[in-house]
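A short write-up of the structure that comes next.
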Amino acid sequence: MTERHDDPALLTGSHALDALSDDERALLEHALTTAPELQAETDSLRETALQLAYAVEPIEPPATLKASLMAQIARTPQAPALNAAADRAQDTAAGLEARPTAATSVASDEAAARDEDLAPVADLTTARPGAAADTRIRRGDGSVAEGRAAAAARRRWFQRPAAALSAAAAVAVVFLGIGLGVGGVIGQDEQSGPGTTQASGTIDSIYAAPDFGRTTAKVPGGGTATVIWSHEVGKSAVILDGVQSAPSGHTYELWYIDAEGTNGKVNPAGLVDAAPDGVHTAVLEGTLSKGASIGMTVEPAGGSDKPTTTPLMAVPTTQA
Amino acid sequence: MLALVERDTETWRSDEPAPASPDDLLVRVAAGDQAAFAELYDALSGRVLGLVTRLLRDRAQSEEVTQEVFLEVWQQATRFDRARGTAASWVLTMAHRRAVDRVRASQASHDRDTKIGIRDLESGFDQVSESVEIRIEHERVSRALGKLTEFQRQAVQLAYYGGYSHSEMAERLGVPIGTVKTRLRDGMIRLRDEMGVTS
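Protein chains in written order, with our numbering: chain A, 1009 to 1328; chain B, 6 to 204.
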């Protein structure tokens, strides 16, 4: 009971369970170099933790995963073998993964491996613009849980499934990263309706919400519409990327379509413009009700009270 | 058609009389053997995806992480040291590490917090497996976990299956970080001794 609270000897269990922060891991791994007993305990607990892994029900991945991996490795170089000493150092890190805290002798090697690692992934899944930044973020801040809302939102956004991450999403990230609080940047389009004036703040709060939801839909004629929402915030927004401008004398109009069974009402939620080479974002006017869908139609300039054309998209705001 | 496939299989098998162990496969992977990689993937990908999904819940993200893990296996196979553990351990260790990184930094983290309470995390362990092998492992681990104090068990499960960090757990459980560390260490030592793990 003489152990101090930051005694590295206390950290062996957490290390085995991957519960340590980078700082804590560095502390323990430094201590391990001079404490064979501690090393033995660390190894045995890591082995014990693996028993927890073996008890988990396997899930067979889809065949496409293997196919894409085989294609990937065919053009991915392997890391050169390390000498024994560096190997030990790296093994101590236990994951054989790039870690800022890893022994300096292997650090550059690891960084190189990491870059190689990421490049083909980004290459394969074209919609993975966040891959590189993702790593930087993880490296740069040891304590991921520090939680500035915007930063957290950005990180979440970056790390959404590749398949669903559209170019619209990527550009939106840039907006969030540099343009938050600058309504003019996001709402560069004057026709976007009153919702846009508070766009940045509202969008930020949607991203930061615990029930943040998002769907990307293809828009007929090209481009994508990404809808983000939070029922807790009671708001949603639409990000149009590469969507053609509405025909002359027309505009895009957004709609809240109430859930069937409540009243199924369709409420106008503001106008938004688009440009084939740009990104336009609009926060929907009004409040997002539970189970509502978000729609977009082409309407005569100035908008309509009721949709007069077939929706270009209609996205339910249920959690995916 | 069938005969052709069979013959192919036989030719393949004649090179590899018995199914190669993951350890042997990984050594061949280190030499750039893509067929060995395919076999290793077949042997371990289900476990990797199962484990990653356990932490992330989201299937799309889990598959993505699984892909990252195996790409890393390919790249880092040259650094696998048989003397320090089995190939399966090596791969699953990487998988867990990556899943934890992802769960802490991603959307999954908030899904985990909002959708999955501590009780869910724990009860999720009682799922009944169709595989005898897995059921036996379940049984073994469940029994060993049963020997831990309730606090230790909760801490170990939150950390391993939930990917929670010290500070997150301390906040979640309303105890000091030092207490979390102690519970995790005592819990893991108890688990080790109950399961007779030697290393």
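Think of the CB as a built atom: it goes at the ideal place given N, C-alpha and C, for glycine as much as any other residue.
Within chain A, not a single residue places a beta-carbon under 9 Å from that of Lys152(B); the smallest gap is close to 13 Å.
DSSP, read as helix, strand or coil, puts Asp1313(A) in coil. When Cβ-Cβ separations below 8 Å define contact, Glu155(B) makes no contact with chain A.
For Gly55(B), the closest Cβ of chain A is nearer than 8 Å. As computed with DSSP, Leu1248(A) is found in a beta bridge with Ala1233(A) and His1288(A).
Counting the other Cβ atoms within 10 Å of the Cβ of His101(B) gives 16 or more, which makes it buried. For His1258(A), the enclosing beta strand (DSSP E) begins and ends at His1258 to Ile1265. For Thr1326(A), the secondary structure class from DSSP, reduced to helix, strand or coil, is coil. The DSSP-derived three-state label of Leu153(B) is coil. The count of Cβ pairs closer than 8 Å, one atom from the stretch 1039-1048 of chain A and one from the stretch 30-38 of chain B, stays below three, leaving the stretches out of contact. Contact check for Ala1225(A) against Ala1267(A) fails: the beta carbons are separated by 8 Å or more.
Under the three-state reduction of DSSP, Ile1067(A) is assigned to coil, being neither helix nor strand. When C-beta atoms of the stretch 1301-1316 of chain A are compared with those of the stretch 1274-1281 of chain A, three or more pairs fall below 8 Å, so the two segments count as touching.
Against Thr1224(A), chain B offers no close residue; the least beta-carbon distance is about 13 Å (beta-carbon pairs closer than 9 Å).
The count of Cβ pairs closer than 8 Å, one atom from the stretch 186-203 of chain B and one from the stretch 148-159 of chain B, reaches three, so the stretches are in contact. Contact check for Pro1016(A) and Leu1036(A): beta-carbon distance about 5 Å, within the 8 Å limit, so the pair qualifies. By DSSP's assignment, Ser1238(A) forms a beta bridge with Lys1243(A). Look at Pro27(B) here: in three-state DSSP terms it is helix.
Look at Leu31(B): its C-beta is not under 8 Å from any C-beta on chain A. Here Lys1314(A) is exposed. Its C-beta has fewer than 16 other C-beta atoms within 10 Å. Nearest to Gln1252(A) by C-alpha distance, out of Gly1242(A), Leu1262(A), Val1227(A) and Glu1032(A), is Val1227(A). Inclusion of Ile1265(A) and Ala1322(A) in the CB contact set at 8 Å is warranted, their separation being smaller than that value.
Per DSSP, the unbroken beta strand (DSSP E) holding Ser1301(A) starts and ends at Ser1301 to Pro1308. Among the CB atoms of chain A, one or more fall inside 8 Å of the CB of Leu189(B). With its beta carbon at least 8 Å from every one in chain B, Gly1299(A) lies outside the interface.
Taking C-beta atoms as the reference points, Tyr165(B) and Leu1025(A) count as a pair closer than 8 Å. Under the DSSP assignment, Gly1294(A) falls outside any alpha helix (DSSP H); it carries neither an H nor an E label. With distances taken between CA atoms, Tyr46(B) lies nearest to Lys1074(A) out of Val1291(A), Ala1057(A) and Lys1074(A). If you ignore the 5 residues before and after Thr1223(A), its C-beta comes within less than 6 Å of the C-beta of Val1235 and Val1323, all in its own chain and listed in chain order. The C-beta distance from Ala1282(A) to Leu1320(A) rounds to 10 Å, too long to meet the 8 Å contact threshold.
In the displayed model, Lys1273(A) falls within coil according to three-state DSSP, outside both helix and strand. At least one C-beta of chain A is nearer than 8 Å to the C-beta of Ser94(B). CA-to-CA, the gap between Ile182(B) and Asp106(B) works out to about 20 Å.
Within the DSSP secondary-structure output, Arg1222(A) pairs in a beta bridge with Ile1236(A). The beta carbon of Ala175(B) does not come within 8 Å of any beta carbon belonging to chain A, so the residue lies off that interface. For Ser1022(A), the uninterrupted alpha helix (DSSP H) segment begins and ends at Thr1020 to Ala1024.
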